[in-house]
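Reading through the structure tokens given below for one structure.
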Amino acid sequence: MTPAAKLSAAIDLIEAIDTQRVPAAKALKEWGTAHRYAGSGDRAGISGLVWDVLRRRASSAWIMDNDTPRARVLGMLKAERKMDVEAIAALCDGGRFSPEPLSDAEHAALSSRTVADAPAHIAGDYPEWLDGYLA
Numbered sequence: 013m014t015p016a017a018k019l020s021a022a023i024d025l026i027e028a029i030d031t032q033r034v035p036a037a038k039a040l041k042e043w044g045t046a047h048r049y050a051g052s053g054d055r056a057g058i059s060g061l062v063w064d065v066l067r068r069r070a071s072s073a074w075i076m077d078n079d080t081p082r083a084r085v086l087g088m089l090k091a092e093r094k095m096d097v098e099a100i101a102a103l104c105d106g107g108r109f110s111p112e113p114l115s116d117a118e119h120a121a122l123s124s125r126t127v128a129d130a131p132a133h134i135a136g137d138y139p140e141w142l143d144g145y146l147a
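Residues 13 to 147 (this note's numbering) are what the sequence shown spells out, left to right.
Written as structure tokens, this is what we have:
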């Protein structure tokens, strides 16, 4: 699988986890069973993307100013994987197995927003009620 195809699969999995309220481990296992063509390296790459998005939910959504599965995956690529907007846009080229090209709003968010301006609980990806304990 190409990196773009793995990214597309991760977006689909995050959407399934959100909409079907299924545990991530179960969704990943079911995806691997349904997509036997994907090798172990492909499955590991996709699961890494999914777990990174789940760990960085708040900061990824903040970067994109949007909480959709696609936005969180794209935001995670910037926040966690330190990819620049050009590298992310190259993955999202609208090809056969690739995510759709970046919208103008997505491009603008990836170009300008960072977690440096976010509240501590968003930058740290922890619940807001913990702020008092971590200050």
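We treat Cβ as the ideally placed atom computed from N, Cα and C, and that holds for glycine.
Boundaries of the alpha helix (DSSP H) in which residue i is found, first to last residue
{"i": "residue 98", "result": "97-103"}
{"i": "residue 38", "result": "36-46"}
{"i": "residue 139", "result": "Careful: residue 139 lies outside any alpha helix (DSSP H) and carries neither H nor E."}
{"i": "residue 15", "result": "15-32"}
{"i": "residue 148", "result": "Outside the displayed span of the chain (13 to 147) sits residue 148, for which this structure offers no information."}
Whole-angstrom distance between residue j and residue i, CA atom to CA atom
{"i": "residue 76", "j": "residue 83", "result": "6 Å"}
{"i": "residue 95", "j": "residue 89", "result": "6 Å"}
{"i": "residue 125", "j": "residue 69", "result": "15 Å"}
{"i": "residue 123", "j": "residue 97", "result": "6 Å"}
{"i": "residue 121", "j": "residue 23", "result": "18 Å"}
{"i": "residue 20", "j": "residue 132", "result": "30 Å"}
Residue closest to residue i, alpha-carbon to alpha-carbon, out of the options
{"i": "residue 87", "options": "43, 62, 73 and 80", "result": "73"}
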